Structure formats: structure tokens, C-alpha cells
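Just below is one structure, and these are the notes that go with it.
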Amino acid sequence: KNQVEQSPQSLIILEGKNCTLQCNYTVSPFSNLRWYKQDTGRGPVSLTIMTFSENTKSNGRYTATLDADTKQSSLHITASQLSDSASYICVVSANTNAGKSTFGDGTTLTVKP
Amino acid sequence: DTEVTQTPKHLVMGMTNKKSLKCEQHMGHRAMYWYKQKAKKPPELMFVYSYEKLSINESVPSRFSPECPNSSLLNLHLHALQPEDSALYLCASSRMGSDEQFFGPGTRLTVL
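In C-alpha cells:
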């Protein structure tokens, strides 16, 4: 069964600090992995998308890594800001499930001043 | 235009009402999606339209009826909903063959 597990479930950090969110998946055959940021009550916004051959991708202060061998991904946030407070969702797609993706439960990040 | 828009932003309806949610995109995407999201949970796929044809129905109850009148519009018709159907309803679109989905802001639905 395709699964995506994220950790930690929630995280509180101080403004200006860095943090790393984890995503482990069992989706096969792997197609791509996406990280989304979702503010409360809003739609998810894409941060990064990585395919099998990519092991790192950056979007401003967000850097995602992918290890397709261990089926792990991480999202590193540098110099956090209050506006980074949100839910971060890892989504993985398989080659064989066109239109369907497996969503993780998300990590809720709170950045405090 | 790189935006997916949804209307209304909020909707309160009774269990006997009929209402519709609307979604629009002008990015030329030919795949469009409806998701349902409960609080503190990830989005759950409901329907997928490919080239204006329904391609995936995730065993959604018939009280939810999707419609894709053209390549830019996606509707979700609601009838005889239950209180447990209260949720954030998200629309998304993508290029055909791409998993990179662009989400709208959602409609917050409350069923009384």
C-alpha cells in the first residue's frame, strides 16, 4: 500500500531559526515528490517538485532533498519567519496512478517571535 | 494568469438545500480536481476531470455531483448533504501528464 509518513507532527521554533521536516514514503514505482505549504483555511501552495534524478531543489529559503534509495525526503527552512507558520504537506506520486497522489498528514510549523 | 479561483469562499447550507461550488482556471490546464479536506487532515481526492471528461471518481456519494462545462470551469453540485460533509473543498488543476497541481483557495462549507 502506498504511504507517506511525515515527522514531526508539529514543531515550534523561534523566528530566525532553521528547521528540517521529514517525509518517508513507500510509493512505488516512484514518479515525483512535492512539498506544499498550506496556511490555515487556504489552499496548498507548491514549494518544490522533484523527480527520481533530482536530489536537491531550492525555492528561496526552502530547500528540499530527496534520497530515492532510502525513500526519504526532507524540507529545510532557513532563517524562519513568522509567515512560515503553516502546515507543510509532502505528496508523492507513482507512475501507475495517473491523477492520484498520496498525501502525508503534514507537519504543523509554528514560528514564534 | 497563474491562479485557480473558487467561489464562494464560504457557504452555509441546510441539509435540504441545493448549492454549487465553482472553480475556474485560465492556465490552459486540461486536468482538474476536487478535493475535500477536514480540519488537521490532508486533502482527500474526490474527482478528476481529464479533457473535460470524468476520469476518476473516488467512490464519492451521489449527493456530490461534479460538472466540467468547459476546459476552464469546474463545478461541484451539492444536494441533500449531511453535517459530516462540512469541510474545506479544494479545486486544483494541472497540465495533462503532470502531477504538479495548482490549488485554489478553497470553499469553506458548513452543513447545518
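Sequence order for the protein chains is A and B.
Residue numbers for the first sequence follow our numbering, so the first one is 299 and each next one is one higher.
Residue numbers for the second sequence follow our numbering, so the first one is 4 and each next one is one higher.
Each residue gets a CB set at the ideal place from its N, CA and C atoms; glycine is no exception.
As the structure is a prediction and not an experimental result, all values here were calculated from the model.
Interface partners of residue i on chain A, CB under 7 Å
{"i": "Met108 of chain B", "result": "The sequence as given places Pro at residue 108 of chain B; Met does not occur at that position. Within chain A, the residues near Pro108 of chain B are Arg340, Gly341."}
{"i": "Pro45 of chain B", "result": "Ile387, Phe401, Gly402, Asp403, Gly404"}
CB of residue i within 8 Å of CB of residue j, strictly
{"i": "Arg332 of chain A", "j": "Ile310 of chain A", "result": "no"}
{"i": "Thr354 of chain A", "j": "Ala366 of chain A", "result": "no"}
{"i": "Leu380 of chain A", "j": "Val409 of chain A", "result": "yes"}
{"i": "Arg33 of chain B", "j": "Ser58 of chain B", "result": "no"}
{"i": "Lys398 of chain A", "j": "Tyr323 of chain A", "result": "no"}
{"i": "Cys317 of chain A", "j": "Val302 of chain A", "result": "no"}
{"i": "Leu112 of chain B", "j": "Leu14 of chain B", "result": "yes"}
{"i": "Pro46 of chain B", "j": "Phe401 of chain A", "result": "yes"}
{"i": "Ser96 of chain B", "j": "Met49 of chain B", "result": "no"}
{"i": "Leu319 of chain A", "j": "Leu373 of chain A", "result": "yes"}
{"i": "Gln9 of chain B", "j": "Gly107 of chain B", "result": "yes"}
{"i": "Met16 of chain B", "j": "Leu81 of chain B", "result": "yes"}
{"i": "Gln307 of chain A", "j": "Thr405 of chain A", "result": "yes"}
{"i": "Phe328 of chain A", "j": "Ala392 of chain A", "result": "yes"}
{"i": "Asp403 of chain A", "j": "Gln304 of chain A", "result": "yes"}
Contact list for residue i against chain B, beta-carbon separation under 9 Å
{"i": "Phe328 of chain A", "result": "Result: empty, since nearest Cβ-Cβ is about 11 Å, beyond 9 Å."}
{"i": "Ser391 of chain A", "result": "Asp102"}
{"i": "Arg332 of chain A", "result": "Asp102, Glu103, Gln104"}
{"i": "Ser344 of chain A", "result": "Glu103, Gln104, Phe105, Phe106"}
Cross-chain neighbours of residue i in chain A, by beta carbon under 8 Å
{"i": "Arg111 of chain B", "result": "Gly339"}
{"i": "Leu93 of chain B", "result": "Gly341, Pro342"}
Segment limits, beta strand (DSSP E) that includes residue i
{"i": "Glu27 of chain B", "result": "21-28"}
{"i": "Lys39 of chain B", "result": "34-40"}
{"i": "Val389 of chain A", "result": "384-392"}
{"i": "Asn73 of chain B", "result": "67-73"}
{"i": "Thr110 of chain B", "result": "110-114"}
{"i": "Ser96 of chain B", "result": "90-97"}
{"i": "Arg332 of chain A", "result": "328-336"}
Residue i: contacting residues in chain B (beta-carbon distance under 8 Å)
{"i": "Ile454 of chain A", "result": "As shown, chain A starts at 299 and ends at 411. That puts residue 454 of chain A outside it, with no answer to give."}
{"i": "Ser372 of chain A", "result": "The premise fails here: Ser372 of chain A is roughly 18 Å from chain B at the closest Cβ pair, so nothing lies under 8 Å."}
{"i": "Lys398 of chain A", "result": "Leu48, Val51, Ile59"}
Residue i: contacting residues in chain B (beta-carbon distance under 7 Å)
{"i": "Ile347 of chain A", "result": "Glu103"}
Cβ-based burial, residue i [other Cβ within 10 Å; buried from 16]
{"i": "Lys12 of chain B", "result": "exposed"}
{"i": "Gln104 of chain B", "result": "buried"}
Within chain A, partners of residue i - CB distance below 9 Å
{"i": "Leu24 of chain B", "result": "Those within 9 Å of Leu24 of chain B in chain A number zero; the least Cβ separation is about 13 Å."}
Validate contact between the stretch 337-356 of chain A and the stretch 88-107 of chain B using beta carbons, cut 8 Å, 3 pairs | yes
Are three or more beta carbon pairs between the stretch 383-394 of chain A and the stretch 19-39 of chain B nearer than 8 Å?
-> no
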